[in-house]
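The block underneath contains the structure these notes are about, expressed in structure tokens.
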Amino acid sequence: MSYLLGIDAGTTTIKVALFDPQKGLLARASVNCPAIYEKERIAEIDMARYWNACCECIHQIAESHKSRFNDIRALCISSQGVTFVPLDRSGRELRRGIIYYDTRAKSEAETLVHRFGDQKLYEITGQPGISALYEAAKLLWIRKNEPDCFRDIHKILLVHDYLVFKFTGTFACVPPILSSSLLFDVLHRKWWEEMFSFLGITEMKFPKIYKPGTPVGPVKKDVALDSGLPESALVVAGAIDQICGMLGVGNIHAGLVSESTGSVLAVHTVTQSMFEHRKAGIHNFCNAIDSTYALISVCPTAGAALNWFKDAFCEHEEKEAEMVHRNVFQILDEEAEKEAIGSDGLIMLPHLIGGGSPKPNPHAKGVFYGFRLHHKKGHFIRAILESVAFMLRSNLEVLHQAGINIEEIRSFGGGSHSRLWNQIKADVCGLPVVASHSDEPGCLGAAILAGVGSGIFQSIEEGCETLVLPGKPHYPKESNVRMYESYFQEYMRLNVILEPMFS
């Protein structure tokens with residue numbers, strides 16, 4: 004019997020899951036690796052500690068599944084994008100890793116926009132709204148502010164690449180993660196030489212490009228001894244976390260959209276061509292499935308808005324949850340469910356740290372509109388849930404206007420655990436919402452790629468058909484769909500009316 008490991012390398016948490024290629028999830032483990040915030044706008048990570056956290060996850064599973072560990076056939080990594088670390092010629096880190104949401108490179112991002120223009124950057128890299136978040140801007144910052152470090156760079160590794168290097172000793176990167184770097188020509192799936200020239204770097208500073216689901220090499224002997232992995236275990240090229248999540252819910256065909264409601268809302272669909280309308284704020288990624296693209300829309304506050312409300316106003320509910328050993332969000336759902344559709348006229352704009360797709364606006368602000376003396380806490384909670392559903396629908400309408408057919412929404416992330424939230428999304432969008440069966444779709448997507456690279460599955464499609472189990476569907480209720488239509492239109496009007504005030 005052969006087994007697969009899927010690794011989900013998040014910003015501050017690493018998860019590892021063990022899968023039977025026929026029966027699915029067997030075990031999982033997670034270890035936190037806190038980010039380092041020493042100054043304003045600075046967010047870094049100690050990559051050595053990050054690697055140790057990954058190894059600790061593997062150790063935890065090895066201890067509980069010793070008999071199966073010798074039969075691990077392959078592993079693969081789902082990782083965050085943009086976060087990177089430079090190495091010297093000996094393979095040592097020249098500095099801490101710079102996390103994607105680090106914003107020190109604001110002026111460097113402006114330099115890139117001035118040099119290339121927003122439209123050209125979008126046409127080549129597929130990325131809208133150029134900001135300090137992107138790798139190219141951060142590399143320019145290092146060149147200006149840490150010249151010794153920049154001079155000594157031998158390789159620049161994203162998180163996926165770093166972990167693959169630690170496992171195998173091989174430098175490998177993948178197009179889905181490179182897509183958010185501003186260093187990659189997404190249309191032609193190759194390095195963007197003009198950007199390299201401007202930054203003063205060459206292709207030699209980066210790993211060899213591998214297609215997701217192709218073998219990189221076996222685990223190194225010392226890593227095998229330390230981790231308990233067999234030396235025969237194959238490391239397979241992975242993908243960015245959102246795309247692995249898409250695979251983990253089976254979003255591989257036309258007609259499907261997946262959405263992840265965590266701190267942010269992300270909306271994903273698969274297409275044969277890049278999306279051309281920059282101002283909609285849709286990101287174009289090379290997909291794990293060759294010759295296709297993953298269109299990804301991002302709204303910066305979704306679950307974060309609900310979490311803010313919980314922290315600010317729900318101390319009583321948190322104490323109750325602790326006393327009765329329940330999840331506090333289940334209690335908040337119960338309060339929201341008592342209130343009518345539309346929250347008795349209370350509408351929220353959930354732009355607590357600016358607005359995202361389909362109309363990005365960093366100056367947008369959060370708004371509760373229409374509340375009166377009769378409104379209670381449950382109304383506000385429901386208005387938050389509804390606002391995220393409105394945000395989801397506004398992104399789906401942009402895709403529909405571009406001729407993209409949508410028949411079903413696959414939901415994952417923390418928000419997918421809420422039956423009420425799933426039903427609200429179905430009613431607002433007028434589409435079935437199917438909650439993920441797997442609690443770890445990122446690890447599952449990585450395991451599917453591991454299975455493809457090791458020959459267990461002949462294709463990504465076969466891997467998804469085998470390992471992705473159907474989740475619970477939530478069908479739109481016709482009467483609710485009609486009622487939500489007017490509230491959605493009011494939400495859209497509010498955004499338009501308040502936009503001049505935001506700036």
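Every letter in the sequence shown is one number past the one before it in our numbering, and letter 40, counting from 1, is 43.
Glycine included, C-beta positions come from ideal geometry on N, C-alpha and C.
C-alpha gap between residue i and residue j, whole angstroms
{"i": "Val252", "j": "His440", "result": "8 Å"}
{"i": "Gly448", "j": "Ser33", "result": "17 Å"}
{"i": "Gly358", "j": "Glu493", "result": "17 Å"}
{"i": "Lys123", "j": "Gly94", "result": "35 Å"}
{"i": "His280", "j": "Gly220", "result": "39 Å"}
{"i": "Gly284", "j": "Glu342", "result": "33 Å"}
{"i": "Asn398", "j": "Glu337", "result": "28 Å"}
{"i": "Glu206", "j": "Lys475", "result": "46 Å"}
{"i": "Arg496", "j": "Met249", "result": "32 Å"}
{"i": "Gln130", "j": "Ala51", "result": "30 Å"}
{"i": "Lys109", "j": "Glu488", "result": "40 Å"}
{"i": "Asp11", "j": "His377", "result": "45 Å"}
{"i": "Val116", "j": "Cys152", "result": "25 Å"}
{"i": "Phe288", "j": "Tyr125", "result": "12 Å"}
{"i": "Leu166", "j": "Gly172", "result": "9 Å"}
{"i": "Asp23", "j": "Lys193", "result": "35 Å"}
{"i": "His366", "j": "Arg485", "result": "32 Å"}
{"i": "Thr15", "j": "Leu181", "result": "20 Å"}
{"i": "Ser134", "j": "Ser294", "result": "28 Å"}
Beta-carbon spacing of residue i, residue j below 8 Å
{"i": "Leu349", "j": "Gly369", "result": "no"}
{"i": "Val238", "j": "Ile255", "result": "no"}
{"i": "Arg44", "j": "Asp105", "result": "yes"}
{"i": "His157", "j": "Leu90", "result": "yes"}
{"i": "Cys60", "j": "Val19", "result": "yes"}
{"i": "Leu161", "j": "Phe87", "result": "yes"}
{"i": "Ile407", "j": "Ile292", "result": "no"}
{"i": "Ile204", "j": "Leu142", "result": "yes"}
{"i": "Glu443", "j": "Arg71", "result": "no"}
{"i": "Arg99", "j": "Trp144", "result": "no"}
{"i": "Asp244", "j": "Gln426", "result": "no"}
{"i": "Gly258", "j": "Ile409", "result": "yes"}
{"i": "Ser346", "j": "Arg385", "result": "yes"}
{"i": "Ile75", "j": "Leu8", "result": "yes"}
{"i": "Leu97", "j": "Asp164", "result": "no"}
{"i": "Leu190", "j": "Met277", "result": "yes"}
{"i": "Pro179", "j": "Pro215", "result": "yes"}
{"i": "Val331", "j": "Lys313", "result": "yes"}
{"i": "Ala77", "j": "Val177", "result": "no"}
{"i": "Gly231", "j": "Ala65", "result": "yes"}
{"i": "Gly445", "j": "Thr217", "result": "no"}
{"i": "Glu111", "j": "Ser184", "result": "no"}
Counterpart residues of residue i in DSSP-defined beta bridges
{"i": "Gly445", "result": "Bridge partners of Gly445: none, in fact."}
{"i": "Ile350", "result": "Tyr372"}
{"i": "Val484", "result": "Its beta-bridge partners do not exist; DSSP assigns none."}
{"i": "Arg31", "result": "Ala20"}
{"i": "His286", "result": "Ile299"}
{"i": "Ala438", "result": "Ser414"}
{"i": "His420", "result": "BP columns for His420 are empty, so no partner."}
{"i": "Ser261", "result": "His271, Arg413"}
Cutoff 8 Å: residue i Cβ touching any chain C Cβ
{"i": "Ser421", "result": "The displayed structure is made up of one protein chain only, and chain C is not part of it."}
Environment of residue i [buried if 16+ CB atoms lie within 10 Å]
{"i": "Val3", "result": "Because the chain spans 4 through 506 in this model, residue 3 falls outside it and cannot be assessed."}
{"i": "Glu41", "result": "exposed"}
{"i": "Ala315", "result": "exposed"}
{"i": "Tyr478", "result": "exposed"}
{"i": "Gly132", "result": "buried"}
{"i": "Pro150", "result": "exposed"}
{"i": "Arg329", "result": "exposed"}
{"i": "Gly458", "result": "exposed"}
{"i": "Arg375", "result": "exposed"}
{"i": "Ile39", "result": "exposed"}
{"i": "Met4", "result": "exposed"}
{"i": "His403", "result": "exposed"}
{"i": "Pro473", "result": "exposed"}
{"i": "Glu318", "result": "exposed"}
{"i": "Thr128", "result": "buried"}
{"i": "Asn148", "result": "exposed"}
{"i": "Lys322", "result": "exposed"}
{"i": "Lys169", "result": "buried"}
{"i": "Arg396", "result": "buried"}
Any non-hydrogen atom of the ligand MN closer than 7 Å to residue i Cβ
{"i": "Ser439", "result": "Ligands in the displayed structure: none, and consequently the ligand MN is not present."}
Next on the checklist: With three or more beta-carbon pairs closer than 8 Å as the criterion, would you say the stretch 301-311 touches the stretch 254-272?
Outcome noted: They touch, by the three-pair rule.
Checklist entry - Given 8 Å as the limit, is there contact between the stretch 52-66 and the stretch 419-439, that is, 3 or more CB pairs closer than that? => result Contact between the stretch 52-66 and the stretch 419-439 is absent, with fewer than three C-beta pairs closer than 8 Å.
Checklist entry - Per the contact definition of three or more C-beta pairs closer than 8 Å, is the stretch 456-474 in contact with the stretch 494-503? => result Short answer: they don't touch.
Next on the checklist: Three or more C-beta pairs under 8 Å: does that hold for the stretch 210-227 against the stretch 410-423?
Outcome noted: Short answer: they don't touch.
Checklist entry - Contact between the stretch 216-234 and the stretch 378-393: three or more CB pairs below 8 Å? => result No: the two stretches stay apart, fewer than three of their Cβ pairs being nearer than 8 Å.
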